[in-house]
Amino acid sequence: MKKANSILSIIFSIILGLTVVLVFYAIAGKNVSSEAYIGSFEAEKLDTGWEIVRDNGESFSDVTLPYRMYAKMGEHVTLSGQLPADISDGMRLCLRSTRQEITVYINGEERGHYRPGHSGLENETVVSGFFLVDLNDADANAKITADILFTESENGVVNGISYGYGNNVWFEYFVKNLPLTIMATILVLVGFIAMMFFVLAKDKGSLKAVFFLAEAMIVVGLWILSESEIRQVIFYAPSYTNIISFVLIETVAAFFSLYFNEIQGGHYERVYLILECGIIVQFLVNSILNFSGAIDYYRSLPLSHLWAVAVIIIVIVTMVFDFRSGRIKNYKYTAVGVSVVVFAAVIEICSFYMSDTCGFGLWLGIGLLALLVATIAQTIRDTIMAAAANEAKSRFLASMSHEIRTPINTVLGMDEMILRDSTDPRINEYAKDIHAAGSALLAIINDILDISKIESGKMEIMPVEYSLKKLLTDVRNMIQERAAKKDLNLIVDAQEDLPSILKGDDIRIRQIITNLMTNAVKYTDIGSVTLKVRGHREGNDEVLLFEVIDTGIGIQPEDMPKLFEEFERMDEFRNRSVEGTGLGLNISQYLLKLMGSSLKAESTYGEGSRFYFEIRQVIVSDEPIGDIDATVIENVAAPESVGCGFIAKDARILVVDDNEMNLKVVESMLVPTEIHVVLVDSGQRAITQASYRHFDLILMDHMMPEMDGLEAMQRIRKLAEGDSFPCKDTPIYVLTANAMSGMEEKFLKEGFDGFISKPVSSDELLKAVLEVLPEEKIVRVGE
Ligand code: ADP
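For the sequence shown, the numbering used here gives the first residue as 15, with consecutive numbering after it.
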């Protein structure tokens, strides 16, 4: 399938390549004989032998056009000459006005007048453009006179004149302007594509520079088109193009200013802000003057150009600063592109004042394309660097999690031993406080890990079959103690006919509900916290509505929009004694988004809040969950019976950990079971032990110096292939402080039989032990 696809793509590429060759041949290889070729497209120039007479009587003979002259505004110049003998019907004269009003006479008869539609304002300059005069047989050798009225001051040129058949007179200009037109079109198209890219991108922050560059490209592209010599062919109304062109050229510098500010990381924001304000004020003043008829855009243009020059100077100066301070490293590729643009912009401004003809923008266009290439290179480089940095951050977080979890493991484990062994109520009270603080610290680490996973896009939803009833009772059991401590009523009101077995990511759903319930308890002092679950069937799915309602402090209306933002905590002063990081709701919202839902909230300040979400789960078993309250009572008692509910004197467990404290914690937790526990501090010693005698379970730490848990497990498995190996079928569980999501799956895939995360809780450990020990070795206590 894949192969066929790539073969097809190669074939299409070849076809396209050949077609491009043919296109070039068709363009260059004119005159293919016997084809209906439509003509030479040629136009003759009428540039020599003219006579020019100025208002003051000054005259110049045998003039060659174009002829640069500095006529005053309002001055008339008469251009006269003779038409050639080969003039015939169907031919046209093509004249060009650069802001001049022109009247053409042939043999004394007025044959053409150029002054395009305008607003009728008295002193408005005429829009530059071409105009055509129809000729006929009788015009051969006729005397031609053009009256040229200059509508701008001290600057002007008498342009060249050409003649030819029909629209052939245009062809020369077409060919001449084609590259520029194509480039301008490319600039506009690429600009729009880049903008679309920005609109669709998730992370808009890092693409702001691309957005501003896209805007600048569109502005320059449209400006080139509106200034193009052949703009009359592209746009029907030259007087509009004039306005378009001025608006664009007056504001273009601002777009560059925004772009430079962005790529320089806002370091010189104030300077750029001043420039942008200046540009907008200048633009507004010029527009008012233009539309009120006081001063034409064209005449106020030099002032706008000064802002463009100011932007160029600021860019150069700030880049020199950045170069000296080393900051330029952050945008070195773009800096090269910027240098090219600055250079191009300088040439552009010079050519605007020095060149006789229109067709500006070539230099700026080339510069911009270079900048685009540079920006793309920079973006790719930044993305690669960011990915590497992200990878480093994830590694750091994983190892930080490990480093912090290991000591907490010891603290909580030992604390559990104190709670179990001590009979002094004061000491028990202290131990409970240690337990609460340690658990809170763990919760914060878990939240930070979740946020880092979300940021690196590694958070995934893993649907499995689960019991809804168990989920609800577990959540209730978890919250009950907290609620009871604050004397709050905890109500779980679940519709009794909800299906008991569903398919979805129960771990994440549990996390969201627990977060909402914990918040409800945290932010409620009197009254109740209710978990309400309703559902209805849609096809094979159950659409569940979870609601967490409290009678707590509520949230102020102005805080509601910030509720789901990272690190945002409302009412900081009032809640200063309530622990929290402001990450929970943000994580919950993100998880729900991944599951195609979203978290909603309603609240009345001082009365209470309601957080709710809907979620669709596949139904696996229709059996109704029944009365949750009744189940709770069974389950509350359950952990007690696991904690000291069995002994297994004949069982033997091997515990492997390089950290002596961790060994001690596990050993202490297993004391009530009377299991024979063997402790070793390295992978090598574990192998020796496993080769020497049988164990019912091996608990293997993951991160150990020299041989890590994974390697030790693999070696034991290899040895187990031999028939006489004593630990042939012994399950090996990994003990790890690396609780990043997906770790459990990873360890199971690598060959471990189970996963116990640190800090190890005695409940979890005893449950695992009970699961793997052979039934005949277990003696249930109290049965
Ligand atoms: P935190 O760890 O601070 O509780 P969350 O993201 O879970 O972080 O919540 C963000 C903020 O929203 C809290 O600091 C609190 O101000 C407000 N909040 C959340 N739930 C409730 C609630 N049930 N009642 C009142 N305020 C709440």
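Even for Gly, the Cβ is constructed at its ideal location relative to N, Cα and C.
Check	Outcome
Where phenylalanine 74 falls: helix, strand or coil (DSSP)	strand
Pairwise C-alpha distance: tyrosine 128 and glycine 174	15 Å
Check: threonine 595 C-beta below 6 Å from any heavy atom of the ligand ADP	yes
Buried versus exposed call for phenylalanine 211 [16 or more other C-beta atoms within 10 Å across all chains shown]	exposed
Inside the region 263 to 340 only - alpha helix (DSSP H) runs reaching at least 4 residues	283 to 305 and 311 to 339
Proximity of serine 271 and leucine 298 at Cβ, strictly below 7 Å	no
For leucine 577, the three-state DSSP class (helix, strand or coil)	coil
As assigned by DSSP and simplified to three states, the class of aspartate 396	helix
Span separating the alpha-carbon of serine 771 from that of proline 575	37 Å
Closer than 6 Å: glycine 205 CB and nearest the ligand ADP heavy atom	no
C-alpha gap between cysteine 372 and phenylalanine 206, whole angstroms	Reliability of the predicted coordinates at cysteine 372 is poor, the pLDDT of 47 falling under 50, and no value is obtained from them.
Through-space distance from glutamine 570 to arginine 794, alpha-carbon basis	54 Å
Member of Ser365, Glu725 and Gly736 whose CA lies at the smallest distance from the CA of glutamine 698	Glu725
Serine 853 CB to nearest heavy atom of the ligand ADP below 6 Å	Because residue 853 is not part of the residues shown, which for the chain are 15 to 797, the question remains open.
From Gly180, Ile238 and Arg106, residue whose alpha carbon lies closest to that of phenylalanine 260	Ile238
As assigned by DSSP and simplified to three states, the class of serine 27	helix
Whole-number beta carbon distance between glycine 381 and phenylalanine 357, since they are thought to touch under 8 Å	7 Å
Cβ neighbour criterion (16 or more within 10 Å) applied to glutamate 443	exposed
Cβ-based neighbour list, valine 77, same chain, cut-off 6 Å, excluding 5 preceding and 5 following	Trp64 and Ile66
4 or more residues per run - each alpha helix (DSSP H) lying fully within the region 663 to 702	674 to 684
Limits of the beta strand (DSSP E) - the one that proline 513 falls within	513 to 518
Distance between isoleucine 158 and tyrosine 367 (C-alpha atoms, nearest Å)	31 Å
Secondary structure, alpha helix (DSSP H): runs of 4+ residues fully inside the region 593 to 637	598 to 608
Beta strand (DSSP E) runs wholly inside the region 57 to 121, at least 3 long, in chain order	64 to 68, 73 to 77, 90 to 96, 105 to 111 and 114 to 120
Short Cβ contact (7 Å threshold) for leucine 201 with valine 234	yes
Contact belief for lysine 546 with aspartate 507 at Cβ below 8 Å, rounded distance in angstroms	5 Å
Stretch-stretch touch, CB-based, cutoff 8 Å, three pairs: the region 708 to 720 with the region 657 to 673	yes
Proximity test, alanine 726 beta-carbon vs the ligand ADP heavy atom, cut-off 6 Å	no
C-beta contact flag for glycine 452 and valine 489 at 7 Å	no
Cα-Cα separation, alanine 228 to leucine 203	9 Å
Limits of the beta strand (DSSP E) - the one that tyrosine 747 falls within	746 to 750
Separation of glycine 568 from glutamate 621, as counted between CA atoms	6 Å
Extent of the continuous beta strand (DSSP E) run through valine 506	503 to 508
Heavy atom of the ligand ADP within 6 Å of alanine 402 beta-carbon	no
Own chain, CB closer than 8 Å to leucine 317, minus 5 neighbours either side, in chain order	Gln296 and Asn300
Closer than 6 Å: glycine 598 CB and nearest the ligand ADP heavy atom	yes
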